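**Student:** From first to last, the protein sequence lines are chains A and B.
With the first letter of the first sequence counted as 1, position 54 gets the number 53 in numbering that gives the first Met the number 0; the numbers rise by one all the way through.
With the first letter of the second sequence counted as 1, position 199 gets the number 198 in numbering that gives the first Met the number 0; the numbers rise by one all the way through.
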Amino acid sequence: MTSLPKPGRAWMARNMAAGQRAVRPVAMLGVLGTLAAIGQAWCLARLLTDAITTVPSQPGASEVLWALLFAGLTVLRAVLLVVSDGVSFTAGVAARRRLRSDLFIRVFGAGPGFLRGARSGELAALAVDRIESLEGLFARWLPASVLAVASPLLVVLAVLLVDPGGALIVGAAGLLVPVGMALAGLGAAAASQRQFVAMGRLQARFLDRVRGIATIVLAGRAEQEAQRLQTAADDLGRRTLRVLRVAFLSSAALDCAAAAALVVLAGRYAAAWRNGASPVAAIFVLVLVAEFFAPLRAFAAAYQDRLQAAGAAEQLASLPDLPESAGAPPIRTVTATGVTVAFHDVRFTWDPSRGAVLDGLSFRAPAGETTVLVGPSGAGKSTVIELLLGFVRPDSGRITLNGADIGTIVPSALARMTTWIGQRPVLFAGSIRDNICFGREDATDQEVEEAARAAGIASFAAALPEGLDTPIGEGGYGLSGGQAQRVAIARAFVRNAPLLLLDEPTAHLDPATEADVFDSLRRLALGRTVILASHSAAAHAFGGRTLELSEGRTRPVQGVA
Amino acid sequence: MTTQRGLGALLPILALWRGYAGWLLAGLLASLLTVAAGLALATAAGGMALRPVTGIEAVGLAALLFLPGVVRGLGAARVVFRYGERMLTHAATFRVLAGLRVWLFRGLARQSSGGLGFMRSGDALGRVVGDVEALDGLYLRIIVPGVAAVLLLPVLVGTLAPGHAGAALLVGGLFLLSAVVLPWVAARLTLDAGGRLAETSAGLRSAALDAIDGIREVRAYGAEGRMLAAVQAREAALFQAQRQVSRRASWAQAAAFACGQAALLVVLLSPGVAPGAMVAGLFLTLAAFEVVGGMPRAGALAGYAAAAASRITAAATGASAGDPSDPAPLPSGTSLRFEGIGFRWRPDRPAVMDGLTLDVPAGSRVAILGPSGSGKSTLAALALKVAAPQAGRVLLGGVDVARLRAEDVRSRIAWLSQDTHLFSDTVRANLRLARDNATDAELWAALDRAGIADTVRGFPDGLESWIGEGGLQVSGGQGRRLALARALLSQAPILILDEPATGLDFATERAFLLTLNDVAAGRTVILIVHRLIGVERLDRIFRLSAGHAVAAAA
Chain A
0 MTSLPKPGRA
10 WMARNMAAGQ
20 RAVRPVAMLG
30 VLGTLAAIGQ
40 AWCLARLLTD
50 AITTVPSQPG
60 ASEVLWALLF
70 AGLTVLRAVL
80 LVVSDGVSFT
90 AGVAARRRLR
100 SDLFIRVFGA
110 GPGFLRGARS
120 GELAALAVDR
130 IESLEGLFAR
140 WLPASVLAVA
150 SPLLVVLAVL
160 LVDPGGALIV
170 GAAGLLVPVG
180 MALAGLGAAA
190 ASQRQFVAMG
200 RLQARFLDRV
210 RGIATIVLAG
220 RAEQEAQRLQ
230 TAADDLGRRT
240 LRVLRVAFLS
250 SAALDCAAAA
260 ALVVLAGRYA
270 AAWRNGASPV
280 AAIFVLVLVA
290 EFFAPLRAFA
300 AAYQDRLQAA
310 GAAEQLASLP
320 DLPESAGAPP
330 IRTVTATGVT
340 VAFHDVRFTW
350 DPSRGAVLDG
360 LSFRAPAGET
370 TVLVGPSGAG
380 KSTVIELLLG
390 FVRPDSGRIT
400 LNGADIGTIV
410 PSALARMTTW
420 IGQRPVLFAG
430 SIRDNICFGR
440 EDATDQEVEE
450 AARAAGIASF
460 AAALPEGLDT
470 PIGEGGYGLS
480 GGQAQRVAIA
490 RAFVRNAPLL
500 LLDEPTAHLD
510 PATEADVFDS
520 LRRLALGRTV
530 ILASHSAAAH
540 AFGGRTLELS
550 EGRTRPVQGV
560 A
Chain B
0 MTTQRGLGAL
10 LPILALWRGY
20 AGWLLAGLLA
30 SLLTVAAGLA
40 LATAAGGMAL
50 RPVTGIEAVG
60 LAALLFLPGV
70 VRGLGAARVV
80 FRYGERMLTH
90 AATFRVLAGL
100 RVWLFRGLAR
110 QSSGGLGFMR
120 SGDALGRVVG
130 DVEALDGLYL
140 RIIVPGVAAV
150 LLLPVLVGTL
160 APGHAGAALL
170 VGGLFLLSAV
180 VLPWVAARLT
190 LDAGGRLAET
200 SAGLRSAALD
210 AIDGIREVRA
220 YGAEGRMLAA
230 VQAREAALFQ
240 AQRQVSRRAS
250 WAQAAAFACG
260 QAALLVVLLS
270 PGVAPGAMVA
280 GLFLTLAAFE
290 VVGGMPRAGA
300 LAGYAAAAAS
310 RITAAATGAS
320 AGDPSDPAPL
330 PSGTSLRFEG
340 IGFRWRPDRP
350 AVMDGLTLDV
360 PAGSRVAILG
370 PSGSGKSTLA
380 ALALKVAAPQ
390 AGRVLLGGVD
400 VARLRAEDVR
410 SRIAWLSQDT
420 HLFSDTVRAN
430 LRLARDNATD
440 AELWAALDRA
450 GIADTVRGFP
460 DGLESWIGEG
470 GLQVSGGQGR
480 RLALARALLS
490 QAPILILDEP
500 ATGLDFATER
510 AFLLTLNDVA
520 AGRTVILIVH
530 RLIGVERLDR
540 IFRLSAGHAV
550 AAAA
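#1: Taking buried to mean at least 16 other C-beta atoms within 10 Å of its own C-beta, is A:A142 buried or exposed?
#2: B:T419: buried (16+ other C-beta within 10 angstroms of its C-beta) or exposed?
#3: Excluding the 5 residues flanking B:I311 on each side, which residues of the same chain have their C-beta closer than 8 Å to its C-beta?
#4: For B:V78, return the contacting residues in chain A, with the cut-off set at a CB-CB distance below 8 Å.
#5: I need the DSSP call for A:G199, collapsed to helix, strand or coil.
#6: Measuring CB atoms only, is the region 278 to 297 of chain B touching the region 247 to 254 of chain B, in the sense that at least three cross pairs come out at less than 8 Å?
#7: Between the alpha carbons of A:G367 and A:L523, how many angstroms are there, rounded?
#8: Please list, in chain order, all residues of the same chain as A:P393 whose beta carbon is under 7 Å from its beta carbon, the five residues on each side excluded.
#9: Please tell me whether A:G266 has its Cβ less than 9 Å away from any Cβ of chain B.
#10: With a Cβ-Cβ cutoff of 9 Å, do A:I564 and A:L501 count as a contact?
#11: Note down the Cα distance separating A:L152 from A:L261, rounded to an integer number of angstroms.
#12: Can you find the residues in the same chain that come closer than 8 Å, C-beta to C-beta, to B:L421, ignoring five residues on each side of it along the sequence?
#13: In this structure, how does DSSP classify B:L329 when only helix, strand and coil are distinguished?
#14: Within this structure, are the beta carbons of B:A252 and B:L196 separated by less than 9 Å?
#15: For the alpha helix (DSSP H) holding B:E223, just list the boundary residues, first then last.
#16: Below 8 Å on C-beta distance, what does B:L208 contact in chain A?
#17: I need the straight-line Cα distance from B:L152 to B:G162, nearest angstrom please.
#18: Distance check for B:L471 and A:S317, CA to CA, integer angstroms please.
#19: Judging by CA-CA distance, which residue of B:P459, B:R427, B:D460 and B:L281 is the nearest neighbour of B:A445?
#20: Once the 5 residues before and after B:G396 are set aside, which same chain residues still bring their CB inside 7 Å of it?
#21: Whole angstroms are fine: how far does the CA of A:W349 sit from the CA of A:V529?
#22: When you compare the CB positions of A:I104 and A:P424, do they come within less than 9 Å of one another, or not?
#23: In the DSSP assignment, find the alpha helix (DSSP H) that holds A:G310 and state where it starts and stops.
#24: At least one CB of chain A closer than 9 Å to the CB of B:R539: is that the case?
#25: Kindly indicate the opening and closing residues of the alpha helix (DSSP H) around A:F137.
#26: Taking contact to mean 3 or more Cβ pairs, one atom from each stretch, closer than 8 Å, check whether the region 79 to 94 of chain B and the region 206 to 222 of chain A are in contact.
#27: CB-CB under 7 Å to A:G455, same chain, minus the five flanking residues each way: which ones, in chain order?
#28: Roughly how many whole angstroms lie between the Cα atoms of A:T33 and A:P24?
#29: Count the other CB atoms within 10 Å of the CB of B:T88; is the residue buried (16 or more) or exposed (fewer)?
#30: Just mark A:M11 as buried or exposed, buried being the case when its beta carbon has 16 or more other beta carbons within 10 Å.
#31: In chain order, what residues of the same chain lie with their CB nearer than 7 Å to the CB of B:R536, ignoring the 5 residues before and after it?
#32: Could you check if B:N436 is buried or exposed, using at least 16 other CB atoms within 10 Å of its CB as the buried criterion?
#33: State the DSSP-derived secondary structure class of A:L68, mapped to helix, strand or coil.
#34: Of the residues B:S416, B:G391, B:S423 and B:V385, which one's Cα is nearest the Cα of B:R409?
#35: Assign B:V154 to one of three DSSP states: helix, strand, or coil.
#36: For A:E465, count the other beta carbons within 10 Å of its own beta carbon; 16 or more makes it buried, fewer makes it exposed. Which is it?
The following block contains the structure:
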């Protein structure tokens with residue numbers, strides 16, 4: 000485990016502890032199964048002894064009894080197997096559900112800022128595939144690691160009752176396993192961990208090349224890249240075998256111990272009978288040798304799951320911290336009718352090397368009025384919106400809504416007061432209606448239809464196969480940029496919040512569509528406090544007061560009534 | 000999909016493995032030797048231990064089995080064979096999978112020339128890569144124990160038959176049940192459930208992507224709880240599908256276990272068997288059922304593997320646009336002309352172009368504008384021979400590109416779009432994709448013209464710096480400039496820039512477009528965008544609408 004970086008290891012330790020509690024029932028069932036196996040071995044020993052020592056005849060009453068007991072225990076073990084599989088699965092489900100919900104809470108808490116560096120596809124792969132791949136850790140490795148100790152111990156105890164000498168042999172063979180593994184593979188575990196990482200890299204490389212295959216083909220390099228992939232795989236293959244040569248010695252130690260136990264026991268009993276001992280103990284112990292080593296084999300097999308988890312652990316450990324639950328400062332909500340926004344000497348820096356984006360910005364946006372932020376790119380227009388959304392906090396200065404500092408408003412209350420429309424709305428998989436209702440869950444059909452009309456959706460929705468119920472988003476009907484923006488506007492209509500933040504809402508539209516969208520936005524703006532960031536000429540026609548941002552401060556231009 | 004065809008999906012994959020037959024057979028042989036040694040060891044150990052009781056008299060070769068030295072030898076042989084088996088089977092699996100990946104890559108590349116990169120996203124292709132990993136148990140956990148099971152059956156029945164023919168048949172039947180019938184049932188059940196699993200996991204993926212891509216909406220609308228609930232609902236559907244499969248596999252496994260135990264009872268209770276034969280038969284039965292104990296799970300695995308195999312085969316062997324049998328030589332002229340183009344991506348989709356005619360003289364700077372969905376990117380696909388028009392023709396230097404080899408056409412056109420991929424590799428390797436033999440001086444010159452040389456100089460290892468996963472994270476603007484440097488390095492006389500600044504913030508977009516004005520002197524530049532921001536230097540502007548190109552003011 001030495002090559003696993005620290006956060007990953009700490010993550011592993013924390014989650015294993017939590018997982019261990021969840022698999023306790025599985026371990027109990029496993030122990031029960033081992034007890035049943037011991038019982039079966041005893042039945043078998045009695046039956047075989049009777050069969051080989053008595054004169055061949057019809058089975059006697061005691062034989063029928065042992066056979067029935069054997070059959071009963073078989074059924075019990077079969078049922079235990081199914082039940083414990085079910086419980087392991089449930090433990091795996093609980094762990095995956097917990098990790099996934101934890102991931103989303105962290106990502107939501109960290110907000111859009113976190114996604115600046117990360118590709119959303121990679122994060123989704125972590126949330127879906129990597130967390131799925133952890134199933135083995137919780138459903139197989141954890142129970143196997145408990146049973147690898149408990150079950151062999153029970154078997155040795157059972158053997159001890161009938162043949163102390165045999166117990167000594169089995170126990171010694173069991174101890175040989177870890178000793179042999181240590182001797183054969185000091186460092187083999189670390190080496191195979193490294194190897195596993197190397198294999199992961201090769202897979203990642205292949206995945207990367209497939210994702211960019213169009214780029215490779217258009218550059219005319221497909222064949223060359225295929226040969227490179229082959230060479231890389233061959234190299235890794237040779238190195239892998241060198242590592243496995245050593246790593247498999249530790250598995251051989253397990254095989255060696257099992258074979259040795261069997262051979263020594265067989266010799267011991269062959270000699271014992273010359274002194275007239277009963278064969279029952281011999282058969283019992285010989286049959287149990289397999290039971291003794293089975294959990295150890297299962298443990299060795301599940302080691303793969305442990306290795307696989309390491310990569311995911313590292314990624315999960317590097318997720319942002321959990322959002323602090325609203326705590327110490329006085330928390331308040333603000334009356335929801337008429338919001339006045341004010342910036343007091345606000346400073347903010349995204350990247351220290353590029354200097355402050357906002358450098359002492361102060362302005363006031365009165366309730367019910369529209370304020371248009373203009374200015375060159377990089378003047379901080381979008382930053383003002385991000386600050387008002389609470390995605391980032393000012394380095395210094397105060398932002399107030401109706402006099403209350405934005406930092407003291409509970410996030411959910413802030414979200415209730417504001418509506419935001421950005422450059423490119425994200426539409427979720429679902430119908431147009433679902434996407435409008437995203438604005439407010441309990442919006443009535445009438446409200447949704449009014450919003451659709453006001454946003455100009457009704458005109459194009461009528462032509463769609465199922466009107467407002469047409470599925471959109473991935474796998475659904477593709478809307479154009481202007482249509483998507485209208486859905487976002489309808490969303491804002493049903494939201495009906497007093498503060499409307501518009502961040503370059505037409506930046507990705509062609510001029511004709513832009514004019515239409517601004518028409519709908521003007522209807523939406525009625526009676527609300529609006530802050531519109533735009534560098535488009537059409538924004539000037541939007542009306543309201545224009546504030547020019549320059550070098551992180553305002554330069555008031557003229558009030559357009 | 001019927002079961003036969005379902006499991007039959009594995010056949011094309013197996014056919015690919017012919018080249019590795021030596022490794023595969025060696026691994027199989029080692030595995031069979033291990034099984035044989037294991038069976039002999041169990042039987043011999045039991046026989047030796049109980050010999051004084053059973054009073055077996057040594058007759059012929061069988062007597063050898065019960066000698067202490069032979070038992071020890073078998074024990075040692077089993078350990079050695081097992082070690083050899085592990086090495087050989089792992090080596091074989093590794094080679095086979097590596098070969099499969101390269102085969103898949105070649106197949107995808109071949110189809111890429113048929114429009115795949117434009118039709119399917121890279122992430123969708125990435126899922127096929129995951130399917131290759133689903134095949135890693137096919138040889139080791141399905142084929143090898145399957146062959147062992149088939150060979151074990153006659154040994155088991157043959158050994159038991161002299162003692163009691165009826166018991167031998169019964170045990171043989173139970174063996175068939177757990178080694179063949181139950182695994183087959185398990186395979187069939189997972190194949191049936193495979194569709195639901197794929198569907199529910201795609202559902203979870205799309206919900207997760209929605210939640211991540213829409214994080215601004217989620218935060219701005221305070222919808223964290225609702226979004227998490229939506230993800231968890233999809234997750235629950237996936238878990239339910241998985242639970243169903245897992246439960247069925249468990250029952251098959253439990254039934255196989257019960258078969259093994261019932262077989263032991265049959266041996267023990269069969270009347271009139273000599274003690275020696277009884278002991279040998281019992282230990283042999285015990286060991287034989289242990290060998291095939293995992294078969295039902297292997298069957299379930301085969302169901303998954305078959306589903307994965309059919310997706311891989313479908314992805315790797317789709318249609319591809321072939322080159323003309325008698326290609327024309329590449330003309331020296333580099334003018335580009337679209338002439339009366341009619342095009343639709345699929346017969347059931349509306350026409351993207353309908354009699355479009357467009358002239359791009361050599362060395363000109365042209366912008367093509369239009370709202371999304373108006374076919375702007377299709378123009379790039381047609382010029383690059385990634386798609387072929389249903390009507391009209393594309394002329395490069397006056398020659399119809401249909402008569403030219405795709406590779407030749409692409410050597411004349413460099414393409415840069417928001418989808419241009421930067422690979423997880425060094426800066427040098429990323430740039431050299433465009434020109435393999437480029438010198439460092441040429442690389443730096445291209446980086447310089449793309450306005451990114453200073454940034455790369457600031458990287459810890461310069462051109463050797465590793466970018467992407469596991470390396471330096473480059474920003475959107477830096478990435479686009481690296482891609483531009485690559486395009487400039489290619490020396491292709493025509494540069495197609497398809498929404499090259501999408502996804503960049505305004506300041507970066509503006510700076511990037513200003514760079515473009517200066518770098519491409521002497522080359523034809525085709526800029527495909529939804530709007531102009533006013534800094535572009537252009538000779539002609541076309542607007543696409545209703546499948547036609549309309550000249551706008553220059």
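For each residue, glycine too, the CB sits at the ideal point set by N, CA and C.
What you are looking at is a predicted structure, and each value in this text was computed from that prediction instead of being measured.
**Tutor:** This is what the structure gives:
#1: Here residue 142 of chain A is taken as the residue at index 143 of the first sequence, counted from 1. Per the sequence presented here, residue 142 of chain A reads as Pro, with Ala not at that position. Buried: at least 16 other Cβ atoms inside 10 Å.
#2: For the purposes of this step, residue 419 of chain B is taken as residue 420 along the second sequence, with counting starting at 1. Burial call: buried.
#3: Residue numbering aside, residue 311 of chain B sits at position 312 when the second sequence is read from its first letter. Excluding positions up to five away in sequence, the list reads I12, L99, L103, V127, D130, V131 and L134.
#4: Stepping through the second sequence from its first residue, residue 78 of chain B is reached at position 79. Under a criterion of Cβ atoms nearer than 8 Å, the residues of chain A adjacent to B:V78 are, in order, A251, D254, C255 and A258.
#5: Within the first sequence, the letter at position 200 stands for residue 199 of chain A. Reduced to three states, the DSSP call for A:G199 is helix.
#6: The region 278 to 297 of chain B is in contact with the region 247 to 254 of chain B.
#7: As a working mapping, residue 367 of chain A is identified with position 368 in the first sequence. As a working mapping, residue 523 of chain A is identified with position 524 in the first sequence. Each residue's Cα considered, the two are about 12 Å apart.
#8: As a first step, residue 393 of chain A is located in the first sequence; it is residue number 394 there, counting from the start. Excluding sequence positions up to five before and after A:P393, its CB lies within less than 7 Å of the CB of V345, R346, F347 and L386, all in the same chain and listed in chain order.
#9: Locating residue 266 of chain A in the first sequence gives position 267, counting from the first residue. Yes, A:G266 counts as interfacial toward chain B.
#10: The structure shown has nothing for residue 564 of chain A, since chain A only spans 0 to 560.
#11: Position 153 of the first sequence holds residue 152 of chain A. Position 262 of the first sequence holds residue 261 of chain A. Taking the straight line joining both Cα atoms gives about 17 Å.
#12: In the second sequence, counting from the first residue as 1, residue 421 of chain B sits at position 422. The residues are N429, I466, G467, V473, G478, L481 and A482.
#13: Residue mapping note: residue 329 of chain B aligns to position 330 of the second sequence, counting from 1. If DSSP states are grouped into helix, strand and coil, B:L329 belongs with coil.
#14: Residue 252 of chain B sits at position 253 when you count from the first residue of the second sequence. Residue 196 of chain B sits at position 197 when you count from the first residue of the second sequence. Note on residue identity: the sequence assigns Gln, not Ala, to residue 252 of chain B. At the C-beta level, B:Q252 and B:L196 stay beyond 9 Å of one another.
#15: Within the second sequence, residue 223 of chain B is the residue found at index 224, counting from 1. Segment E223 to L268, the alpha helix (DSSP H) holding B:E223.
#16: Along the second sequence, one-based indexing puts residue 208 of chain B at 209. Chain-order list of chain A residues neighbouring B:L208: S119, G120, A123 and E473, by C-beta distance under 8 Å.
#17: Here residue 152 of chain B refers to the residue found at position 153 of the second sequence. Here residue 162 of chain B refers to the residue found at position 163 of the second sequence. Each residue's alpha carbon lies about 16 Å from the other.
#18: Numbered from 1 along the first sequence, position 318 holds the residue referred to as residue 317 of chain A. Numbered from 1 along the second sequence, position 472 holds the residue referred to as residue 471 of chain B. Between A:S317 and B:L471, the C-alpha separation is close to 16 Å.
#19: On the second sequence, residue 445 of chain B is found 446 positions in, with the first residue counted as 1. For the residues B:P459, B:R427, B:D460 and B:L281, the minimum Cα distance to B:A445 belongs to B:R427.
#20: Taking the second sequence and counting its residues from 1, the one referred to as residue 396 of chain B is at position 397. Result list for B:G396: P330, S331, G332, T333 and S334, in chain order.
#21: Translated into the one-based positions of the first sequence, residue 529 of chain A becomes position 530. Translated into the one-based positions of the first sequence, residue 349 of chain A becomes position 350. Between the alpha carbons of A:V529 and A:W349 lies a gap of roughly 25 Å.
#22: To locate residue 104 of chain A, count along the first sequence from 1; it is residue 105. To locate residue 424 of chain A, count along the first sequence from 1; it is residue 425. Contact check for A:I104 against A:P424 fails: the beta carbons are separated by 9 Å or more.
#23: To locate residue 310 of chain A, count along the first sequence from 1; it is residue 311. If you look at A:G310, you'll find it in the alpha helix (DSSP H) that goes P278 to A316.
#24: Taking the second sequence and counting its residues from 1, the one referred to as residue 539 of chain B is at position 540. No, no contact with chain A.
#25: Residue numbering aside, residue 137 of chain A sits at position 138 when the first sequence is read from its first letter. From DSSP, A:F137 is part of no alpha helix (DSSP H); its letter is neither H nor E.
#26: Using a C-beta cut-off of 8 Å, the region 79 to 94 of chain B makes no contact with the region 206 to 222 of chain A, since fewer than three inter-stretch Cβ pairs fall below that distance.
#27: As a first step, residue 455 of chain A must be located in the first sequence, where it is residue number 456. The beta carbon of A:G455 is closer than 7 Å to those of R485, D515 and S519 in its chain, skipping five residues each way along the sequence.
#28: As a first step, residue 33 of chain A must be located in the first sequence, where it is residue number 34. As a first step, residue 24 of chain A must be located in the first sequence, where it is residue number 25. A straight line joining the alpha-carbon of A:T33 with that of A:P24 spans about 14 Å.
#29: Counting from 1 along the second sequence, the entry for residue 88 of chain B is found at position 89. So B:T88 counts as buried.
#30: Within the first sequence, the letter at position 12 stands for residue 11 of chain A. Classification of A:M11: buried, given that the 10 Å Cβ count is 16 or more.
#31: Position 537 of the second sequence holds residue 536 of chain B. If we look at B:R536 and ignore the five residues flanking it on each side, its Cβ neighbours are R364 and N516.
#32: Indexing the second sequence from 1 puts residue 436 of chain B at position 437. Looking at its Cβ environment, which holds fewer than 16 other Cβ atoms inside 10 Å, B:N436 is exposed.
#33: Taking the first sequence and counting its residues from 1, one reaches residue 68 of chain A at position 69. Note: A:L68 maps to helix in three-state DSSP.
#34: Locating residue 409 of chain B in the second sequence gives position 410, counting from the first residue. With distances taken between Cα atoms, B:R409 lies closest to B:V385.
#35: Within the second sequence, numbered from 1, the residue matching residue 154 of chain B stands at position 155. Correct three-state label for B:V154: helix.
#36: On the first sequence, position 466 is the one that residue 465 of chain A refers to. Note on A:E465: under 16 other CB atoms within 10 angstroms of its CB, so exposed under the neighbour-count rule.
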